[in-house]
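Following: one structure in structure tokens, then a few remarks.
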Amino acid sequence: MMACPSSKTSLVQANLHHSETASAQLRKWLEVQRTAIALIQEPWVGAGKIKGLNNLKGKLFYSSEHDKPRACIYTTKDICAQPLTDFCSRDMYAVAIQYTQESRLVVASVYMPEEDTPPPHDLSRLVNFCERTGLEVVIGTDSNAHHPLWGMEKPNEREITPPRHAEVKQPWWGKELDRKRKKVRKALNRAMNTSMDEDWLLYKKAKSEYKKCIRYRRSIGWRKFCGNIETCKQANRIRNILAKQNTSGSMSLKKPDGSYSTSPDEAQRILIETHFPGCCVTQEANRHDDILTSTAEDWNLAQRVVTMDKIHWAIHSFLPYKAAGPDGIFPALLQWGGKALIVRLAAIMRACLALKYVPRGWREVKVTFIPKPGKSDYTDPKSYRPISLTSFLLKTMERMCERELRGSALMNLPLHDKQHAYSLGKSTESALHKVITKIEEAIQNKEICLGSFIDIEGAFDRTNFSSIKGALGRHKVEPALIDWIVYMLSTRIIKIAGESQPIQIKKGCPQGGVLSPLLWNMVINELISKLNDNHFYTVGYADDLTILVSGKTASIVCDLTQAALPFLLVLEAIAFHWHQSHMAPRYINRNASAIRYKREEEPECSYNEWRCNDGLCVRINSDCDGIIDCYDGSDETFELCRNRECDPFTFRCNYGACIDESATCNNKQQCPDESDELLPRCRGENIIEGEKMKCRDGQMIPKEQRCDGIVNCADGFDETVAACAELRCQSEQFQCEYGGCVDGQAQCNGTIECIDGSDEKVELCGRRILVRPTTEPPTTAVPRCELPKQPLNGSYSVVSETNTTQTDYVLSYTCDPGFKLVGHSTVLCIEGTWPDKMPRCVQTCQLMKHPSIVYECTEEETEKPRQCNVEEIDGTIVKTSCRKPNYYSPVELPYMHCQQGMWSSGPVCTAECGTLPPESTPLVLRGSTAKFGEVPWHVGIYLKNPKSKKHMQICGGSLISNTIVLSAAHCFWNENTQRLEDVTNYAVAVGKLYRKWYHPDDEPFAQKSDISEIVVPKLYRGVELYYKNDIAIVIASRPFEYKLYVVPVCLDFNEEFSNIQLHNGNRGKAAGFGLTTGMRGSESPVLRVINLPYENYESCLNLTSPALSRYITYDDKICAGSLDGEALCRGDSGGGLAFPSSISGQRRFYLRGIASTSPPTNDQTVCNTHALTSFTSVIKFEKFIKAYWYP
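Under the UniProt record's numbering, the sequence shown has 386 at position 386, and the numbering climbs by one with no breaks.
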């Protein structure tokens, strides 16, 4: 409690976790408080507004600029509160409370997201502000709404912190590692505090010893497990089963027919058949009759997929002493093999991929069965798990193929976003969140939600190879890569302890394979897509599916759920080739039958209850109140409520229900027919003007014709719920369900007079023959044409039977997905004759166009090329070429042929890098003015001023891909807070020649973007460490389009090539908008370029005074410039230093440095024009850069 001069103010803080229940409990508490302040995190939000608290009499403060604010403050009306807008965002809101004439208090609600390191930057700014101004501050941060106080049944156990002794340490951990870890921490703290080079060296040495000890201890532990996996404790039971003498019946395994195995050999066969269905014993699994062939495209693919950098990355993605395969090769042996080993592996693996071949030694898998822990019945063969040990040479190949699939095919045609398994940024938690969110939406909409939870048994083991091949083809994977994957799967050999002969696998994804999860995701993707495309909300996680269906009534929901069964049977065709009887609808029927009501089992309703049509009993006064209580909606129907008399101060829904008058026009639907929110006054409209009514299209009709059962507006508006809402009919008239008024004798007279037919509803009148009023008597005509057969891969529907003297039928043709109609979609039968050429459905290929390629289509090679469509029919030929001058290919691109729904090839073009446009003359002190395209990779980095909406150029950068920019970390660093500034404060622009953000002369060429993320090395500390690690990766919010004047700079991390370029005197190109005279105020309005000579480490020391050498002599820097005024200056930081080289006749520039620092002068606002400039060496940050950039 907080004491105030006049009263006591209650101060409460809670995290509502977006819960409606928690919001309702908090609302009840606030309603009885006289003076209160609530600091709230994660409120209940809907449609961009905070719900549950917005109708209270007090004030609710939150950021309206964001759709889903995560922090807000509520104050009662007698508290004088003013928002501090400079400290308000999506995750934080602060207000100033005036509680006496002289005293003010600042209160803030702060949400701390998991992805940020606390405290948030805005919170630090607020605390600093309050300290400077002397204001008291109260801050409310995350608490827990999962507590009985807020409506939960039990406390949240996540609040319980486990005791320290509950920590589980690795078996290889020991006291020696504890000592070394403490030594590393002490060394780091000392180095951070002193910032001395000697202490940083001691820290590096201690860390190196610590890591070396971990590797040694791990190697011992892993070798013990990997070398003796069959002797572990869990294998005792399986060894008894496979023993030579079966001593106990309890050690037998149950067979499919219910009997038990009688020998160890039989038990082993049961395990093999259970976990490796379709396998067979083979004498010689090696295929000597294979004819290994390849094409130039295959070798191009192999060169792209298998590179030395990717092999290095793939090998180091495994734990060093992970269990070795049959060849006994641990990952550590490959990781420590050095460059010579990688060179030889690259040649072998490229040949394997190009020839679509897997060496026999790589295919062999060693398998051991171990019991699953916690199983009650170990006679069931499914209670055992196979442990597969595969060669890491094959796993390395799989890892590179997986990277290729994710980086090319799945980028162009990604997996469905409802598949959460093995996807970046998704997990079981994200899948569960989607399911819960969908259920909550149904509850908010007052609907029933039915969920079917399906586990596809044996999904990985039973997947057919042809299904995998088809899934890869549908995602436009390179044919050579598909062939290699299928060969790898179909030639696998397993060897099991106690089994003398090798076993050939006939189906399934590899146990423990790197590619297995991704391959299954691609197979099941079509099923998830079909279900979601047909309005079944489906969430997948590997082989588990959740299907959610929502609706107003139980019968509708059950029927819709039952309708999902045919789509589940698609799995039989795309994955397993099972018979339909194996896919019994046990999941669907079981859930549906749980909700269906059986009339013979209906309970009797009590005296104060009323029975719905479906048998459900609800409270007796719940009918015609605007709230659907019956699952089938029978308590809110026109026939039940149409004669209901509503009390004064109530509103009558069009169909007859009565609701509170205040419920109209409040953006909340209370009437099931929405008539309370469709009133013209809800939209601020007046449809009656004098004696006229205004239609939606502007037409004016006599107001007497409004809602009279006859359409008079051309757009039909005069006979709609919106036009008739709030209308009262005369006592002698009949009021239709939509609100219209017709003759009182219209009810059940056999003639439909209401536009919606409600005067003749079956529920009101029973079944009868109905007619509509017509000026001419109906005529009948007998069609003279016979309907044709349905087309293959398509269908037609009868649009009309025209009953004219000439035309009998009008048919509308459509094709199945994956097929396109050839011919007219509408066909007429005239005088008994169909057209000679009827429409037909031809299979199509989906053309996923890449911006780097130009596509030209023909049906015949001799035809004139035309522009290609997204779908092309079978037989189409596509001529491809790289889009010049921004893309190229080292080989001639092949034609693409559409054959049976797949393209024969997928050409690839590489982005040009480091090239200059033709006829460009030489751009910063003593530099010359640039022309457009002089430095096409240069990026301008601008600081945004939110108040003036102006942009100020502060730094430069270098474009290395269409979204990634390399710059200097100090451009975005706040030395006071020792943190990065907010990413929203910056923007980037490419293709600019002029410094100003908006300049009319470069608008046709410039491309601009906000920034989504800025990443700097973890050990960057700015001036505290003399700008060590001064490099930043800047990720643009939208990709840039490569043009003549926008080209990325080349990157190459080969040390030999770097040493060739970096020698004394060799000049590199740099550009910027910085000072041109070294004096403040001389910033260049136009981009300028300079060629700076490189100086090696020794020359750099000799040309720099000892007092200033600390700025430019770190081991992550290179030097360039001269002492006669050739240098970079303020405003040029972050720009690149690139050196040219000619390769294969093409001159390209390679980025070697990022402008970092130069020694300061006594006047900090003036550049030192007589000193060298230091650049952050790009090659020293290879791993840091490649984590976000791929060649």
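Quick reminder that beta carbons are idealized off the backbone N, C-alpha and C, glycines included.
These numbers come from a predicted model, not from an experiment.
I'd like to confirm something about residue i: is its beta-carbon nearer than 7 Å to some heavy atom of the ligand ZN, or not?
i      : result
Arg363 : Although the ligand ZN was asked about, the structure shown includes no ligands whatsoever.
Can you say whether residue i is buried or exposed, counting buried as having 16 or more other CB atoms within 10 angstroms of its CB?
i            : result
Gln978       : exposed
Val184       : buried
Gln790       : exposed
Cys80        : exposed
Thr75        : buried
Arg492       : buried
Pro835       : exposed
Asp1002      : buried
Thr546       : buried
His34        : Rather than His, the amino acid found at residue 34 in this sequence is Arg. Classification of Arg34: exposed, given that the 10 Å Cβ count is below 16.
residue 1201 : Because the chain is modelled from 1 through 1191, residue 1201 falls outside the range shown and cannot be assessed.
Phe819       : buried
Ala332       : buried
Ser1174      : buried
Thr664       : buried
Lys1008      : buried
Looking at residue j and residue i, is the spacing between their C-beta atoms short of 8 Å?
i       : j       : result
Ala987  : Tyr942  : yes
Gln1146 : Thr915  : yes
Ile37   : Val107  : yes
Lys992  : Gly940  : yes
Phe460  : Ser391  : no
Ile468  : Leu481  : no
Val983  : Tyr1188 : no
Phe972  : Leu980  : yes
Phe330  : Ala324  : yes
Val878  : Glu892  : no
Arg706  : Asp697  : no
Lys339  : Leu413  : no
Gln25   : Ser109  : no
Val870  : Gln846  : yes
Ser881  : Val854  : yes
Do you know whose CA, among the options, lies nearest residue i's CA?
i       : options                              : result
Asp78   : His66, Gly698 and Gln98              : Gln98
Glu704  : Cys665, Ser252, Gly513 and Met693    : Met693
Leu679  : Asn654, Gly690 and Gly698            : Asn654
Arg840  : Asp816, Ser731 and Ser1012           : Asp816
Val935  : Ala968, Gln335 and Pro1048           : Pro1048
Ala1138 : Asp1115, Gly1068 and Glu1098         : Gly1068
Leu727  : Ile687, Arg696 and Asp759            : Ile687
Asp1030 : Cys665, Ser967 and Pro264            : Ser967
Ser1158 : Ile1033, His824, Glu1055 and Val1023 : Val1023
Val95   : Gly794, Gln953 and Phe129            : Phe129
Pro386  : Glu691, Lys372, Trp484 and Ser376    : Lys372
So residue i packs on residue j, CB below 8 Å; how close in whole Å?
i      : j       : result
His970 : Ser1133 : 7 Å
Ile620 : Lys446  : At roughly 20 Å, the Cβ-Cβ gap does not stay under 8 Å, so Ile620 and Lys446 are not in contact.
Thr141 : Leu253  : At roughly 57 Å, the Cβ-Cβ gap does not stay under 8 Å, so Thr141 and Leu253 are not in contact.
In the structure shown, what three-state DSSP assignment does residue i receive?
i       : result
Leu39   : strand
His824  : coil
Lys837  : coil
Leu847  : coil
Val12   : strand
Pro155  : Legend: pLDDT at Pro155 = 45, less than 50; position of this residue unreliable, value from coordinates given subsequently. In this structure, Pro155 counts as coil in the three-state DSSP scheme.
Glu689  : strand
Asn1066 : coil
Cys79   : Residue identity differs from the one stated: residue 79 is Ile in this sequence, not Cys. Looking at Ile79 - three-state DSSP - the assignment turns out to be coil, as it is neither helix nor strand.
Asn521  : helix
Lys183  : helix
Pro381  : helix
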